[in-house]
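Below is one structure, written out as structure tokens; the observations come after it.
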Amino acid sequence: MTVETRALTKSYPLKTALDRVSVSFAEGRIHALVGENGAGKSTLARLLCGDLVPTSGSILLDGNPVAFAAPKDALRAGIVPVHQRPLLAAAISAKENIILQTQATRAKKPLFLRAPSARLLALRDQWAEHLPLNALVKDLGGNMRFYVSLLGALLQEPRVLLLDEPSAFLDSGERVRLHKNLRALADGGTNVIIITHSRAEATTCADSVTVLQDGALAAHFDSPKDYDDWLQTHGEIAPGGTTISPAQTPQDSASLSFSIEKSDTARPADGRSIALAVTHLSALPKTRPALLDATLTAEYGAITAVTGLQEAALDTLEDALTGMETSCAQGTVTLAAADGTRTTVRANKLTPRVLRAHRTAIVPSDRTFRSAHPAITVEQLLAVYAADDPRGTALRLIRQADVRIAPEQTVSQLSGGMLQRLILTRELATDPALLILCNPMQGLDVQAQAALCRTLTKLTRAGKAVLILGTQEFPLSLCRNVYALEGGVTHLRFSATEIPA
0 MTVETRALTK
10 SYPLKTALDR
20 VSVSFAEGRI
30 HALVGENGAG
40 KSTLARLLCG
50 DLVPTSGSIL
60 LDGNPVAFAA
70 PKDALRAGIV
80 PVHQRPLLAA
90 AISAKENIIL
100 QTQATRAKKP
110 LFLRAPSARL
120 LALRDQWAEH
130 LPLNALVKDL
140 GGNMRFYVSL
150 LGALLQEPRV
160 LLLDEPSAFL
170 DSGERVRLHK
180 NLRALADGGT
190 NVIIITHSRA
200 EATTCADSVT
210 VLQDGALAAH
220 FDSPKDYDDW
230 LQTHGEIAPG
240 GTTISPAQTP
250 QDSASLSFSI
260 EKSDTARPAD
270 GRSIALAVTH
280 LSALPKTRPA
290 LLDATLTAEY
300 GAITAVTGLQ
310 EAALDTLEDA
320 LTGMETSCAQ
330 GTVTLAAADG
340 TRTTVRANKL
350 TPRVLRAHRT
360 AIVPSDRTFR
370 SAHPAITVEQ
380 LLAVYAADDP
390 RGTALRLIRQ
400 ADVRIAPEQT
410 VSQLSGGMLQ
420 RLILTRELAT
430 DPALLILCNP
440 MQGLDVQAQA
450 ALCRTLTKLT
460 RAGKAVLILG
470 TQEFPLSLCR
480 NVYALEGGVT
490 HLRFSATEIP
500 A
């Protein structure tokens, strides 16, 4: 089924999120929709799947105009989305969530008694063989939650499969497998539309590339080679219509340091003072990877990073270290102030309140529910620490984050990158001594990634400590110390202080 938009527009009181966009997506092909955060990619996707109603313009399916008043209308027409932040029921299993997506709850047999269908098992084996169908969603990492949403979409046999940042939570091997399966799906006649901030994903996976900028159509290419050639000539489009020249365009995570000095070049006067010391931290949750022994330190004036995957207990480390799930945790966490005062807390007594009392800011990997909620307003999101003038606080932080959104709009209207920028700006407004930042590059486009690196570097120059958990696409050259989490155990992988001058 071919999808076409004609002068499609979505306006809000203070901005136009999508401005007269006309584009066509043919069936049997993979289409990439690219652009910086806030360019209008997610807005276009939400219009196509019925989450939003356009202000003006039209959507055509196989040349016939359609009007979607709700997501169910788009589903009935064959357009099935897989959202970047899928809304799943955390207290039930992956299997039950998948069944819910296919509206099988009308069956007389209760959900928890229904066995997975042969079709579901076949799809699981093809797309996500490691997905535990009986595991509760609350115990699954971001990659497995994505697969839950994806399998629910595939079971509906979509004519148009719309994927919003599908590789954001996946490692390199999972991405290769996903792209291979999407190619087979498109070869079978399905129209696949991928929203992505990744130039590599657009050029290696897609058949056509559509570029959005500031809510408008900036360019469209019928082959990824044409898009790549265009980038070589014009560079990446940045917010405000400026460009990053081809020589500056980051091609991988390491090159993001193109205009950033290494953080170990500007140490505080007291040398290698410790902000955080984690000693023999362990946690043995019943249904998640075990954290056996995490021992690490984060220093003032430096970025410290921990690399690893969910399967290596990175999520378990995040939960234990941020005080979110500590009932099964052991070990100690020491928080040190700049004046040398130290507080040591047993891991099972650590809470977010204790961390914040010691000037620790936290940006978790689950930004949708742990740092926000889709139903609250942007003002409520940003003014959570404000004792008075919540609207003024929200407006100030929106300006600082450089996000085009009104305080009265809901969090559900934010893209993943916009949400991260607002949460990070909110946390930094508390003037923390230590920032714990989980999966920082997740959902950010190239320009936002570079801007984040510059922000973190400025923080370390000001003497702050930064601890990063999850380093996919993050330039490790900016870190003083890098730990690897393997098999539930941390090992010091790299230390800039050990390199001779």
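Everything in the sequence shown is counted per numbering that gives the first Met the number 0, starting at 0 for the first residue and increasing by one.
Every residue, glycine too, gets a C-beta built ideally from N, C-alpha and C.
- When only Cα atoms are considered, Ala215 and Val344 end up about 52 Å apart.
- With fewer than 16 other Cβ atoms from the protein chains shown falling within 10 Å of its own Cβ, Tyr384 counts as exposed.
- For Arg5, DSSP records a beta bridge to Ser57.
- DSSP places Ser148 in the helix class (H, G or I) of the three-state scheme.
- A direct Cα-to-Cα measurement between Met0 and Leu60 gives close to 7 Å.
- Contact annotation: Thr315 and Pro351 have beta-carbon atoms that are not nearer than 8 Å.
- Between the region 86 to 96 and the region 139 to 151, the count of C-beta pairs closer than 8 Å reaches three or more; the two stretches touch.
- About 6 Å separates the CB atoms of Ala337 and Ala432; that is less than 8 Å, so the two are in contact.
- A Cβ-Cβ distance of about 7 Å is found for the pair Ala38 and Asp213, placing them in contact under the 8 Å criterion.
- Taking each of Phe368, Ser197, Gly188 and Ile192 in turn and checking the Cα distance to Glu472, the smallest one comes out for Ser197.
- Here Lys463 carries a coil assignment [DSSP, helix/strand/coil].
- A distance below 6 Å between beta-carbons, with the five flanking residues on each side excluded, links Thr333 to the following residues of its chain, in chain order: Ala276, Arg341 and Thr343.
- The beta-bridge partner set that DSSP reports for Lys71 is empty.
- Judged by their CB atoms, Arg174 and Ser166 are nearer to each other than the 8 Å cut-off.
- Looking at the DSSP output, Ser281 shares a beta bridge with Gln329.
- Selection Val191, Val445 and Ile422 evaluated against Ile29 yields Val191 as nearest (Cα-Cα).
- Look at Val402 here: in three-state DSSP terms it is coil, with no helix or strand label.
- Annotation: the continuous alpha helix (DSSP H) that includes Arg45 extends over Lys40 to Leu47.
- Taking a cut-off of 8 Å on C-beta distances, the region 389 to 406 does not touch the region 433 to 446, as fewer than three cross pairs fall below it.
- For Gln212, there is no enclosing alpha helix (DSSP H); the residue is part of the beta strand (DSSP E) that begins and ends at Ser207 to Gln212.
- In this structure Lys40 is in contact with Ile194, their Cβ atoms being roughly 5 Å apart against a cut-off of 8 Å.
- Counting the other Cβ atoms within 10 Å of the Cβ of Phe67 gives 16 or more, which makes it buried.
- If one requires a minimum length of 3 residues, the beta strand (DSSP E) runs lying completely within the region 407 to 446 are 433 to 437, in chain order.
- The residue among Asp186, Asp170 and Ala217 with its C-alpha nearest the C-alpha of Glu200 is Asp170.
- For Leu458 against Ile435, the beta-carbon gap comes to about 12 Å, at or over 8 Å, which does not count as contact.
- At the C-beta level, Trp229 and Ala218 come within 8 Å of one another.
- Contact between the region 402 to 410 and the region 364 to 379 is present: 3 or more CB-CB pairs across the two stretches fall below 8 Å.
- Residue range Asn480 to Glu485 is occupied by the beta strand (DSSP E) that includes Asn480.
- By the beta-carbon neighbour count (other beta carbons within 10 angstroms, threshold 16), His490 is exposed.
- Judged by DSSP in its simplified three-state form, Leu380 adopts helix.
- Annotation: the region 339 to 380 contains the following complete segments of the alpha helix (DSSP H) (minimum length 4 residues), in chain order: 351 to 356.
- Nearest to Lys348 by alpha-carbon distance, out of Ser364, Thr359, Ser326 and Phe368, is Ser326.
- Ala297: not part of any alpha helix (DSSP H); member of the beta strand (DSSP E) spanning Leu290 to Glu298, first to last residue.
- Excluding the 5 residues flanking it on each side, Leu32 has same chain C-beta neighbours closer than 6 Å at Lys40, Ile194 and Thr209, in chain order.
- Distance from Ser57 to Arg19 at the Cβ level is roughly 11 Å; contact not present, criterion being Cβ atoms closer than 8 Å.
- Between the region 477 to 486 and the region 297 to 308 there are three or more C-beta pairs closer than 8 Å, enough to call the two in contact.
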